[in-house]
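See structure below.
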Amino acid sequence: MAFKYGGYAGQVLEVDLTRGKTFNKPLDAGLVRDYLGGAGFCSRVLYDEIGPRTRPLGPENVLIIAAGPLTGTLFPQASRHVVAAKSPLTDIWGEAHAAGHWGAELKFAGFDAIIVRGRSPRPVYLWIDDGKAKIKDAKRLWGHDVYETDAMIKEEFGDGSIKLLYIGQAGENLVRYAAVMNDLDRAAARTGMGAVMGSKRLKAVAVRGTRDIPIAKPENYMKLMDEFHVKMLADPFTQGRADYGTPSLVELMNEIGRLPTRNYQTGVFEHAEEIGGKTIRRKYLVKARADFACLQRCGRYTCVPEGPYKYIGGSPEYETLSCVGSKCGIGDVESILYAHHLCNRYGMDTCSFGGTVAWAMECYERGIITPKDTGGLDLKFGNHGSMVQLVHMVAFRKGFGNLLAEGSYHAAQKIGRGTEKYVMAIKKQEIAGQDGRAQKSMGLGNATAARGADHLYGFPVLDEVGFDKAIRERFGAKYLPEIGQKLNPKYKGLMVKECEDFAVVVESVGVCKYGTMIPPTFFYPDILGALNATTGMGLKGRDLRKIGERIVNLNRMFNVREGIRRKDDTLPERLLKEPSPEGPPKGHVVELDEMLDEYYKLRGWDLKTGIPTRAKLRALGLEFTLKDLPRRGAA
Amino acid sequence: MPYLYGDSLKCTGCRICELYCSLCHERVLNPKKARLRVVRAEPAIDKPMACRQCADPPCAKVCPTSAITRNEKADIVIVSEPKCIGCGACVEACPFGVIWLHPDRKVAIKCDLCRACVTRCPVDALSVVTSEQFADKKRVDLVSRLKPILMERIPVPRG
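Chains as they are written, first to last, in my numbering: chain A, 1 to 635; chain B, 636 to 794.
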């Protein structure tokens, strides 16, 4: 019964919602040796099970929720799980990650992953209690927001320690950027995984467990973890994160001209301080609240004590402050805090929501979208009342909200009239709070990310502010100083490639990008040490790097099969042709083509098409994808 | 009488203490086998809870096999696992809910004040204190807070 390796629960829960059945299956040891778990596990299972004929919101789509071998362990920030499926927003590879306590509890309940297939005839939720799963009726939960659903299920079982993952009304109403939420305010936000869950009529997954996560080498394990904890706490970044969380990035990004403002028309926002980390800490912070095994505690609770935007709950991250705030020209911080709270309750990605509203606002100011379209709603930049109203309208698909629920790409396709020009999306997904003109690596990383616009897939941030020491360690001293200069496109192909390979490993073992990507405290040798002590797999450093490259290439092949080519690895015209108007990046655009050439060369992908070469796929053990390569001349 | 105190103002709810506790006592990672629990109550409460090593422990009084005793030398309340029959009477008797049954072995487990968690809490939310120390600290804190008012009553020369 016990699994071959430590760290893993050793079981996968397969759920057939059409037939209303669940199956406990043993975890495939060969598969986790090649793909680890988490994001890597999903990449392989979904490649085999779905494809171009899969409709993202059809019953044939497959939704996976997976933890990694380090999720629920003592590795710093080992709290992550991934939700993956074909995306209804981008129509390609979809995945989203979240922290919290749910992923750890899934493993204590005896499972590494849940694979959900089919569609239930009526709303249901899953109840997983110590290795046993049951599909239960969710009729009375349907229509309730995340906070209410959380309270109702805990009350039903009379146990406040149950961990929950759920969708809100946005997921039920198939908003294309609906999130899968957990532990109230944690969001697997991007690529519309909540809509996929809603299309399956799966409202929630409740877990509770008393099982062990076994440790392969307990004698070394504690000493190693003690060392990691000391190292993490000693990092000067940790205290800053603990004090301010990511909102302090508002001020920093504004300083380097990377804070997207008024739908990316500029990277400098005159109200940055009013919506930044210092203001939020001084006026609204309740306390820092950590996710499972997290030493950095960037999660926090905030509250607006009175007025129309009154609430208490989870606090927004930098991306929300930028997408719902500066991108929409909004400097009223209480409205942003409240809109974030509402998005969490309804289960909706704040990045895509804010990006879509910002697109509509620019079109409105230019007179392309009129009050006739919006139902009289005034959408001038900075109108926070309208923005907050739109949260409700999108979640329930009311009036103009019904159009915005499609995301800016699909909405612009529907409305036409030249509104397409102002869509700040890549592969149909809105860019988060990152202006690539002010940091070239971020421009490239957004263009190459497998799930559409995404700063996190590679998360190249070491050129942001003086991480030369880590750059030397991770990429080599010979690339300095250019690689560390954020406005210089040189060597950014290398940086993004290496960052992507490492980031997917981080997301496959179940730990956080804070502590691995930034601050760059832990790298391959540390992950390797933890993985081997925990699992006993006996992996080598080169194995781990190869696994990372394998997962990135498999995600790429998933997208190649969907028709994605070099032409799609691009940025909105604004970032390629309109020079940044002010601040340090003034006069800069993203020199995408030269960076892409370097990136493809290093990846072993065809320069013209962006398709992985046969040799590369073979070298990575991805022979099973060769059959899906387009025939010569057809690419 | 020292006991493990968890400060809910400092605690962030990361539960690293639960993991270390289970690792030290059981060589596995399993919060349900830990001797302390962090209770999360919305909104914004995280409170580590563990045995208070009572002077007159009700768990010991109700134990039918006398498995629970107060060890005066170590100054803690101890469960003798061989004597424990897993009846759970102690669980019912404890007013704090800080003794429970091991999920596999079904014997009562509770904090033995080993301090493995105390040194490893990333925010110093855990400490081993006595009620005397606690009261001392409270008195001193209160007087410091009142100092400006108290100072006004002292006839020191004011310029």
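All residues carry an ideal CB built from backbone N, CA and C; glycine is no exception.
Where residue i meets chain B, residues with beta-carbon distance less than 7 Å
i	result
A/LYS287	ALA679
A/MET222	LEU658
A/TYR284	Residues of chain B passing the Cβ test: none, with the nearest at roughly 12 Å.
A/TYR301	PRO678 and ALA679
Beta-carbon proximity list for residue i, same chain, < 6 Å, skipping 5 on both sides
i	result
A/ARG550	LEU620
A/VAL83	ILE65, ALA96, VAL180, ALA188 and MET193
A/TYR125	LYS136, ALA138, LYS203 and ALA204
A/TYR221	ILE215 and ALA533
A/PRO123	ALA138, LYS139, TRP142, ARG201 and LYS203
A/SER562	The question names Ser, but residue 562 of chain A in the sequence shown is Glu. Within the same chain, A/GLU562 has close Cβ partners PRO52 and ILE92.
A/GLU172	GLY198
B/CYS719	ALA702, VAL742 and ALA743
Chain-ordered chain A contacts of residue i [CB-CB under 7 Å]
i	result
B/GLY648	ARG289 and ALA290
B/VAL663	ASP212, ILE213, PRO214 and ILE215
B/LEU823	Outside the displayed range of chain B (636 to 794) lies residue 823 of chain B, so it cannot be described from this structure.
B/PRO790	Ordered by position in chain A, no residue passes the 7 Å Cβ test against B/PRO790, which lies about 39 Å from the chain.
B/ASP738	Note that residue 738 of chain B corresponds to Pro in the displayed sequence, not to Asp. Neighbours of B/PRO738 on chain A, chain order: THR210.
Partner residues on chain A for residue i, Cβ-Cβ distance less than 8 Å
i	result
B/ARG755	ASP226 and HIS229
Within chain B, partners of residue i - CB distance below 9 Å
i	result
A/LEU233	PRO757
A/PHE108	LEU664, ASN665, PRO666 and LYS667
A/PRO218	LEU658, ARG662 and VAL663
Proximity to residue i [Cα-Cα], best of the options
i	options	result
B/ALA728	B/ALA751, B/LYS696, B/SER715 and B/LYS745	B/LYS696
B/VAL726	B/PRO738, B/PRO717 and B/ALA743	B/ALA743
A/SER248	A/GLY257, A/ALA78 and A/GLU273	A/GLU273
A/THR639	A/ASN61, A/GLY541, A/GLY452 and A/SER408	Because chain A is modelled from 1 through 635, residue 639 of chain A falls outside the range shown and cannot be assessed.
A/HIS588	A/THR246, A/LEU575, A/TYR600 and A/GLU598	A/LEU575
A/VAL388	A/GLU105, A/LYS440, A/GLU334 and A/GLY20	A/GLU334
A/HIS455	A/ILE115, A/VAL504, A/LEU224 and A/ASN402	A/VAL504
A/LYS287	A/GLY510, A/ALA293 and A/ARG300	A/ARG300
A/ILE431	A/ARG33, A/MET517, A/GLY458 and A/ALA447	A/ALA447
A/MET393	A/ILE213, A/ARG282 and A/VAL357	A/VAL357
B/MET636	B/LYS668, B/ARG687 and B/ALA724	B/ARG687
A/GLY538	A/LEU106, A/GLY458 and A/LYS217	A/LYS217
A/LEU13	A/ARG437, A/PRO56 and A/LEU63	A/LEU63
CB of residue i within 8 Å of CB of residue j, strictly
i	j	result
A/ASP112	A/TYR5	no
A/GLY375	A/PHE400	yes
A/GLY325	A/ILE275	yes
A/SER43	A/LEU528	no
A/PHE558	A/TRP93	yes
A/ALA78	A/VAL511	yes
A/GLY355	A/LYS327	yes
A/GLN439	A/ARG258	yes
A/GLU507	A/ARG80	yes
A/ALA411	A/LEU404	yes
A/ALA133	A/THR210	no
A/GLY493	A/PRO76	no
B/SER715	B/ILE680	no
B/ILE651	A/ALA67	no
A/HIS271	A/GLY313	no
A/CYS343	A/VAL391	yes
Close Cβ partners of residue i (< 7 Å) along its chain, the five nearest in sequence each way excluded
i	result
A/VAL231	Per the sequence presented here, residue 231 of chain A reads as Lys, with Val not at that position. Cβ within range, chain order: THR521.
B/ARG670	CYS656, HIS660, ALA685, ILE744, LYS745, CYS746 and ASP747
A/THR302	ILE280, TYR284, LEU285, VAL286, SER315 and LEU337
A/LEU224	GLY529, ALA530 and ALA533
A/ARG345	ASP145, VAL146, TYR147 and GLY168
A/GLY610	ARG565, ARG566, ASP569 and TYR600
A/ALA104	THR71, GLY72, SER79 and PHE292
A/ILE471	LEU462, LEU480, ILE483 and GLY484
A/SER386	LEU377, ASP378 and LEU379
Paired residues, beta bridge with residue i - DSSP
i	result
A/ARG186	A/ASN182
B/PRO738	DSSP, once it has assigned bridges, lists no residue as partnering B/PRO738.
A/THR261	A/THR266
Residues that residue i contacts on chain B, provided the C-beta gap is smaller than 8 Å
i	result
A/ARG297	THR647, CYS649, PRO757 and VAL758
A/GLY313	PRO678
A/LEU184	GLU677
A/PRO638	For chain A, the structure presents residues 1 to 635; residue 638 of chain A sits outside this window and is missing.
Contacting residues, own chain, Cβ-Cβ under 8 Å from residue i (five flanking each side not counted)
i	result
A/SER120	LEU17, THR18, GLY20, ILE135, LYS200, ARG201 and LEU202
A/THR238	MET232, LEU295, GLN296 and PRO519
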